[in-house]
Structure formats: structure tokens, C-alpha cells
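Notes follow once the structure below has been shown.
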Amino acid sequence: MTDVTALAEQLAEAAKSRTATEPLTGRVDLDLATAYAVQDALVRLRTDAGETVTAVKLGLTSVAKQRQMNVDEPLYGWLTDRMAIDRGQVLDVSRYIQPRVEPEIAFLVGGDLAGPGVTGADVLAATTAVMVAIDVLDSRYAGYRFTLPDVVADNASAAGYLLGDPRPVEGLDLRTVGCVFSKNGEVVATAAGAAVLGHPAAAVGWLVRKLAERGRRLPAGTVVLAGALTAAIPVDTGDTVRVEVDRLGSLDLACR
Ligand code: 0L1
Ligand code: MG
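Those letters in the sequence shown? Residues 1 to 256, per this note's numbering, in order.
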């Protein structure tokens, strides 16, 4: 039987020592259900150490990301207070193995969302506000080479996140909002909200249905990062990235 705690400890050690590890698949039997059990154990190591889960993230929700990572299904993971980045805070890249950043839209869910039939429309009805967001990734696998179960076990490469000001969702068509993603003053990618599973709220609906399969729910007050609109880009000392999302505002992140 797969020792999920031992695998979680290996991934936690890779993050702590900033040393990439080899994918788990190939070394152990890892189906998707076992991978989510490893993810749970990894998050438990963080909460046992005093961290608090502050948000949920979806990943691989756009064709651009799925192609980049060679997988064909979304996934989810958990963000903690230690991963939260304040606006104006400089990202210390030495804390990570191989950091990448990507532009996202985040939801503040105002009502409980649960069950196998939840749709994007239900998500929008329960949404209190939406925000521009930057997701900071740091795969614990060398060169971001992994299978879907590997990256699920690695908590969706979660490493950091930054949120913009909350904006009302009423009157916004999140399919057509435009995103401009720049690095060091040069535009590196552009996208519309529809890049995220056709509508970012649909991605949150997928999350709720997936959680329901495991008897879990999204409680009122949860922040959800709905997944990247574009492929992720690597960042290094001296870089500055900017994410601008039409009607949601912009965020800058400088790296040292
Ligand atoms: O946020 C994400 O899309 C995480 C998915 C994991 C793939 C990656 O590390 O880019
Ligand atoms: Mg992401």
C-alpha cells in the first residue's frame, strides 16, 4: 500500500531544502485518489506547523496551461497564510526552487457551495466579489516534469498568491474581460476570461463538484483562485511582473 504520509514528507522536505525531487509516479503506485490523499497529508503538515488554510486554487483550467504541462484535466490545491503575499511585498526568489507566476481571477464566495450539481451560474449567484490575482508556483519536481497525480500530490505546485481589491461581479462578463500579462515592461501574453474553462465561474463549479465527490464543500467566505488565463512564466531576481485585468484592476509583483 502507498504510504501517503511518507510521500507528503518527501515533498515537504523538497520545498524546505529547495531541492527538486523526481516525480513520484514511476517510483510508487499513484492514482488520482491516492494523489489527493498525499495532498491532504502535505497540507496537514503545514497546518500542524501552525499555518492556516486561507484559499483554494484551481490549476490547469486553460488549454494554454494544459498544453504547457501536457495534462488534460484540471486539479485543485490549498493556499495558506504563509503563502499570502502582501501588495508591495517583494518576492524573495531564494525561498523557492524554480518559481513561476501566472495571472488569475479570484472569487470571494459569499454562500456555502456544495453538491454534485453546482454550476457556474450557482457560483456567480453565490459570489460576493471578484479580484485580479497572481498565482506563484514552485513545482517540487525538477523542471516541472510531472504527471497529473504527481502535481496533485504536490498541492498543485502552490507556493504563493497575491490578490487585488475586491470588485462586485454584477455587470461584469467574466468571459470577455481581457488580461494583459507583462514582465519587465514587455507584454508576454494576453487572454480573455473565457480561457478558463469557458468561464472562470465554471471552473469554480468544477471545483465544487470535485469536492463533493470527496464529501467536501466550499464554505461561505472561501477565496478561490480560478486558474491561470495564460501559461506561467519563470521569474528571477530583478524581474517585475504586471497583471492587468479589464475592470478588475492591476497587480505588480517585483522579485529580489
Ligand atoms: O496553478 C496551476 O495551474 C497549478 C497547476 C500545476 C501546474 C504547474 O505547476 O504549472
Ligand atoms: Mg495557477
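Backbone N, C-alpha and C fix where the C-beta goes; we use that ideal spot for every residue, glycine too.
What you are looking at is a predicted structure, and each value in this text was computed from that prediction instead of being measured.
If I'm right that residue i touches residue j with Cβ under 8 Å, what's the distance once you round it to whole angstroms?
{"i": "A133", "j": "A106", "result": "4 Å"}
{"i": "G164", "j": "R175", "result": "No, G164 and R175 are not in contact; Cβ-Cβ is about 19 Å, not under 8 Å."}
{"i": "Y161", "j": "A84", "result": "6 Å"}
{"i": "D63", "j": "A232", "result": "Here residue 63 turns out to be Val, not Asp, going by the sequence shown. That belief does not hold up - the Cβ atoms of V63 and A232 are roughly 14 Å apart, past 8 Å."}
{"i": "L248", "j": "M131", "result": "7 Å"}
{"i": "A203", "j": "T230", "result": "Going by Cβ atoms, the distance from A203 to T230 rounds to 15 Å, so no, they are not a contact pair."}
{"i": "D154", "j": "R140", "result": "5 Å"}
{"i": "A37", "j": "G111", "result": "Going by Cβ atoms, the distance from A37 to G111 rounds to 29 Å, so no, they are not a contact pair."}
{"i": "T127", "j": "V169", "result": "5 Å"}
{"i": "E22", "j": "A125", "result": "Rounded, the Cβ-Cβ distance is 44 Å, inconsistent with contact."}
Taking Cβ to Cβ, would you say residue i is nearer than 9 Å to residue j?
{"i": "L60", "j": "L225", "result": "no"}
{"i": "N184", "j": "D135", "result": "no"}
{"i": "V56", "j": "G77", "result": "yes"}
{"i": "C179", "j": "D72", "result": "no"}
{"i": "Y2", "j": "D29", "result": "It is Thr, not Tyr, that sits at residue 2 in the sequence shown. A contact, by the Cβ cut-off of 9 Å."}
{"i": "G201", "j": "A121", "result": "Contrary to the premise, residue 201 reads as Ala rather than Gly in this sequence. Yes, Cβ-Cβ distance for A201 and A121 is below 9 Å."}
{"i": "P149", "j": "L24", "result": "yes"}
{"i": "V4", "j": "T34", "result": "yes"}
{"i": "R95", "j": "R44", "result": "no"}
{"i": "L211", "j": "V152", "result": "no"}
{"i": "V93", "j": "F181", "result": "no"}
Examine chain C for any beta-carbon lying closer than 9 Å to the beta-carbon of residue i, and answer yes or no.
{"i": "D252", "result": "Among the chains of the structure shown, chain C does not appear; only one protein chain is present."}
Could you tell me the alpha carbon to alpha carbon distance between residue i and residue j, rounded to whole angstroms?
{"i": "A228", "j": "T54", "result": "19 Å"}
{"i": "T222", "j": "R27", "result": "35 Å"}
{"i": "C255", "j": "V90", "result": "5 Å"}
{"i": "L137", "j": "G117", "result": "30 Å"}
{"i": "G171", "j": "A8", "result": "43 Å"}
{"i": "R217", "j": "V208", "result": "6 Å"}
{"i": "D236", "j": "Q98", "result": "9 Å"}
{"i": "V188", "j": "E104", "result": "15 Å"}
{"i": "V243", "j": "L11", "result": "30 Å"}
{"i": "G205", "j": "A15", "result": "30 Å"}
{"i": "V196", "j": "A20", "result": "29 Å"}
{"i": "E213", "j": "T80", "result": "23 Å"}
{"i": "E13", "j": "A49", "result": "14 Å"}
{"i": "S250", "j": "G88", "result": "12 Å"}
{"i": "T52", "j": "L32", "result": "25 Å"}
{"i": "A156", "j": "P234", "result": "16 Å"}
{"i": "G215", "j": "D86", "result": "33 Å"}
{"i": "M69", "j": "T147", "result": "8 Å"}
{"i": "A114", "j": "E186", "result": "41 Å"}
{"i": "D173", "j": "T119", "result": "16 Å"}
{"i": "R82", "j": "G198", "result": "31 Å"}
{"i": "R67", "j": "A6", "result": "30 Å"}
**Asked** What are the uninterrupted segments assigned as beta strand (DSSP E) that are 3 or more residues long and contained completely in the segment 61-110, given in chain order?
**Response** With a minimum length of 3 residues, the continuous beta strand (DSSP E) runs that stay inside the segment 61-110 are 75-80, 100-109.
**Message:** For a minimum of 3 consecutive residues, which ranges assigned as the beta strand (DSSP E) are wholly contained in the segment 137-177?
**Reply:** Taken in chain order, the complete beta strand (DSSP E) segments of 3 or more residues contained in the segment 137-177 are 158-163.
**Request:** Could you name each continuous alpha helix (DSSP H) segment of 4 residues or more that falls completely within the segment 182-242, going from the start of the chain to the end?
**Result:** Listed in chain order, the complete alpha helix (DSSP H) runs (minimum 4 residues) inside the segment 182-242 are 200-213.
**Asked** Where in the segment 4-65 do unbroken runs of the beta strand (DSSP E), each at least 3 residues long, occur, reported from the N-terminal end onward?
**Response** The segment 4-65 contains these whole beta strand (DSSP E) runs: 53-59.
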